[in-house]
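Under the working numbering, residues 667 to 1115 are what the sequence shown spells out, in order.
Glycine included, each C-beta is placed from N, C-alpha and C at the ideal position.
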Amino acid sequence: MTHSDRSADHKTPLETRRCRPLSGTVRVPGDKSISHRALILGALAVGESRVSGLLEGEDVLNTAKAVRALGASIERTGNFAWSVRGVGVAGFAEPNSPLDFGNSGTGCRLVMGAVAGSPITATFDGDASLRSRPMRRVLDPLEMIGARVVAGEQGGRLPLTLVGARDPLPIIYRTPVASAQIKSAVLLAGLAAPGVTTVIESEASRDHTELMLRHFGADIVSEPEGPHGRRIALTGQSELHGAEVVVPADPSSAAFPIVAALIVKGSDLVLSDVMINPLRTGLFTTLREMGGQIEQSDLRNDAGEPMARLRVRSSRLRGVEVPPERAPSMIDEYLVLAVAAGFAEGTTIMRGLHELRVKESDRLEATAAMLRVNGVKAEISADDLIVEGTGHVQGGGLVASHMDHRIAMSALVMGLAADKPVKADDTSFIATSFPDFIPMMRAIGAEFS
Ligand code: S3P
């Protein structure tokens, strides 16, 4: 079953209750952002790329299917080990059916960029959640490069058909919002353009595309721009060469057991190989400011991304103010941070959350609703979320998951320490990013029913 087939009949509700201390050592699955990029860059490279630690979640598997339909050879060679033989920059073949990205904005928008630099036509589609998300933000720069939208795209939404540029133009593009997906789409299209494609961002977003492009042999330079931004310049029309990619554990997935260990009394949990790229670790910074005990050791840098072992012990948390400029480095983590904020003493103010409205669901509204239904006071004021923590959470609520994996996981984490059980109405979308979430959480002491 693909996500696009999922309907209300397939909902999988699940409940958690207060549990004993969480303990043990776990490795959460491979980073989702890096996994998508490894497959896409592998597909655009000449020769073989070997990827280990790939996230075998539904989002990434949909990207694998898409790049296979575009002509790359992709083979699973072992557990989380994949081999990709690419077609070369601009070498994609025309797919003979629509590319279905299921729930994944990253897979869809990055492949749009790669298709925009190839002289082919492809139709992009996804599930109801992805069909509701804005695509204009990516199509605008891709049209400047020379791609055309020829069908669909009502109001900038999927399904839509894109004709790639025969002669892509190098552009200078200032991203209107801090978005690694927009930046990456432009850079992937720019691979096929003669000369230098430049992306300027006023707030730096995750830089995995830049790091991995360099690892695959691209000529790419990134320099600071203003107080928080970056200017990235890529020289196009040179080949990428197949490379080895070691995918570290995903900090956005690690966020769930980490917050669980902080709020469940007596917990002491170790997470290995967690990627700690500074453009992804805003949550860890914030949790430490709240009083969370998160110790880092065994720092390594394999294949261009820093990773470490994290030891987390349950902690008394206090409310803090999270500045808006931190948002890009923790954009996927506000839901679970809001859970921590509910258990903290005092007010937590999270500022500048407008981008949360266009994720897998409207996460700003969904976060407030998740808290309120479980007895936590939460208020949205313009783009800010204000949570009144009282040191404990009543629980007892039924949380609407809205086809969003991170809502379901956040609700289940909340239930592990709340006074009464917490239920998520549909946990099936957890498989998009963290297929082993439930068995892994059970293994460290969580109870689900
Ligand atoms: C991602 C970028 C972010 C993030 C998403 C993954 C990526 O989206 O929310 O989960 O891998 O590039 P935006 O680029 O829309 O901020």
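Give me whichever residues DSSP pairs with residue i in a beta bridge.
i	result
GLN959	ARG979
SER1047	ASP1050
ILE838	THR864
HIS874	Paired residues: none, contrary to the question.
ARG751	GLU714 and SER739
ALA915	GLY696 and VAL940
ILE1015	GLU987 and ILE1052
VAL1088	THR682
MET971	In the sequence as displayed, the identity of residue 971 is Glu instead of Met. Answer is ASP968.
ARG896	GLU867 and PRO890
HIS907	VAL712
PHE790	LEU765 and LEU826
VAL815	LEU828
SER689	ASP934
So residue i and residue j are in contact, right, with Cβ under 8 Å, and what is the actual spacing, rounded?
i	j	result
ALA846	ARG872	4 Å
PRO917	THR947	6 Å
ILE700	VAL936	Actually they are not in contact, since the Cβ atoms of ILE700 and VAL936 sit about 22 Å apart, beyond 8 Å.
LEU710	ALA780	6 Å
LEU688	GLY1008	Between GLY1008 and LEU688 the Cβ distance is about 18 Å, and since that is not below 8 Å, they are no contact.
ARG1023	VAL988	Actually they do not touch by this definition, with Cβ atoms about 17 Å apart.
LEU906	VAL755	6 Å
ASP1070	SER795	7 Å
SER1094	HIS676	6 Å
LEU949	GLN962	Not confirmed; about 14 Å, so no contact.
ASP697	MET941	5 Å
Using C-beta distances below 6 Å, list every residue in its chain close to residue i, excluding the 5 sequence neighbours before and after it, in chain order.
i	result
GLY985	ALA1010, GLY1012, THR1013, THR1014 and GLY1055
HIS669	Interpretation of HIS669 is limited by its pLDDT of 43, a score under 50 that renders its predicted location unreliable; no figure is taken from the coordinates.
LEU877	GLY970
TRP748	VAL717, LEU720 and ARG742
LEU900	LEU853, GLY856, THR863 and ILE886
ALA1097	GLU724
SER1067	ILE1073, ALA1074, ALA1090, ASP1091 and ASP1092
ARG896	GLU867, ALA870 and SER888
VAL829	THR787, ARG814 and VAL816
ARG693	ALA915, SER938 and ASP939
GLY822	PRO800, MET801 and ARG802
ILE838	THR864
ALA993	GLY1018
GLU910	ARG716
LYS931	SER980
SER739	ARG751
Confirm, please, whether the CB-CB distance from residue j to residue i is below 8 Å.
i	j	result
PRO834	ILE866	no
GLY1081	GLU714	no
ALA974	LEU983	no
ALA1083	VAL1059	yes
ALA851	MET956	no
PRO860	GLN903	yes
ILE786	ALA817	no
LEU1003	ARG1072	no
LEU707	LEU879	yes
GLU999	ALA921	yes
GLY723	PRO1105	no
LEU1037	LEU1030	no
THR772	HIS874	no
LEU705	VAL753	no
GLY744	GLY757	no
PRO764	ASP806	no
ALA782	LEU824	no
SER981	GLY958	yes
VAL712	GLY908	yes
THR789	THR729	no
VAL733	GLU1021	no
SER784	ALA735	no
Could you pull out every residue in the same chain whose Cβ sits closer than 7 Å to the Cβ of residue i, ignoring the five residues on either side in sequence?
i	result
LYS1086	GLN1060, GLY1061 and GLY1062
MET667	Any reading at MET667 is ruled out, since the residue's pLDDT is 39, under 50, leaving its predicted position unreliable.
ALA1006	VAL925, LEU928, ILE929, LEU953, MET956 and LEU983
LEU1064	VAL1039, LYS1089 and ASP1091
ARG1108	PHE1114
ALA674	For ALA674, the predicted structure reports a pLDDT of 49, less than 50, and the residue's modelled location is therefore unreliable. A value from the coordinates is still provided. Hits under 7 Å: none found.
ARG686	GLY1111
PHE746	GLY696, SER718, GLY719, LEU720 and GLU722
SER919	VAL694, PRO695, SER1099 and PHE1100
ALA1077	MET1036, VAL1065, VAL1088 and ALA1090
THR691	VAL936 and SER938
Kindly examine the ligand ADP and report whether one of its heavy atoms sits closer than 7 Å to the Cβ of residue i.
i	result
GLN959	Ligands in the displayed structure: the ligand S3P; the ligand ADP is not one of them.
Counting only C-beta atoms, is residue i closer than 8 Å to chain B at any point?
i	result
SER763	Protein chains in the displayed structure number just one, and chain B is not present.
Apart from the five residues on each side of it in sequence, which residues of its chain come closer than 8 Å, Cβ to Cβ, to residue i?
i	result
VAL652	Coverage of the chain is limited to positions 667 through 1115, which leaves residue 652 absent and any answer about it impossible.
HIS894	SER868, GLU869, ALA870 and GLU991
ASN967	MET973
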